[in-house]
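Report on the structure given below.
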Amino acid sequence: MYVTLVHVQVKPEYLDAFIAATGENHEQSIREPGNRRFDVVQSVEDPTRFVLYEAYASEADANLHKQTAHYLKWRDTVADWMATPRQGVRYEGLFPQ
Numbered sequence: 004m005y006v007t008l009v010h011v012q013v014k015p016e017y018l019d020a021f022i023a024a025t026g027e028n029h030e031q032s033i034r035e036p037g038n039r040r041f042d043v044v045q046s047v048e049d050p051t052r053f054v055l056y057e058a059y060a061s062e063a064d065a066n067l068h069k070q071t072a073h074y075l076k077w078r079d080t081v082a083d084w085m086a087t088p089r090q091g092v093r094y095e096g097l098f099p100q
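Positions in the sequence shown are counted from 1; adding 3 to them yields this note's numbering.
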């Protein structure tokens with residue numbers, strides 16, 4: 004499985020808007036054929052910090068995600084809301100298979 008953990012820190016004044024926009028992206032992403040998981044978690048210690056856990060069946064499926072209208076809308080909408088540039092860290096999903 005092709006997994007990316009995307010680390011995001013949001014400016015506090017955009018917290019609610021970021022959550023709303025990310026929820027919309029999540030709802031569309033989980034409907035993509037190659038999607039296996041698309042979880043969004045928020046830090047309890049620092050509510051401006053999030054991790055998006057994105058799992059796709061293949062690298063090709065993950066690349067297709069980045070071409071979808073909902074992803075492009077999310078990317079452009081939240082760009083100025085980031086306190087720091089988002090960082091994607093690639094992992095190989097082992098379990099479940």
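Quick reminder that beta carbons are idealized off the backbone N, C-alpha and C, glycines included.
Separation of valine 81 from alanine 60, as counted between CA atoms | 26 Å
Out of Val9, Ala58 and Glu27, state which residue places its alpha-carbon closest to the alpha-carbon of asparagine 38.
-> Ala58
Buried versus exposed call for serine 46 [16 or more other C-beta atoms within 10 Å across all chains shown] | exposed
Taking all protein chains shown into account, decide if valine 44 is buried (16 or more other Cβ within 10 angstroms of its Cβ) or exposed.
-> exposed
Candidates Glu35, Asn28, Arg40 and Val54, of which the one nearest aspartate 79 by Cα | Comparing Cα positions, the closest option is Asn28.
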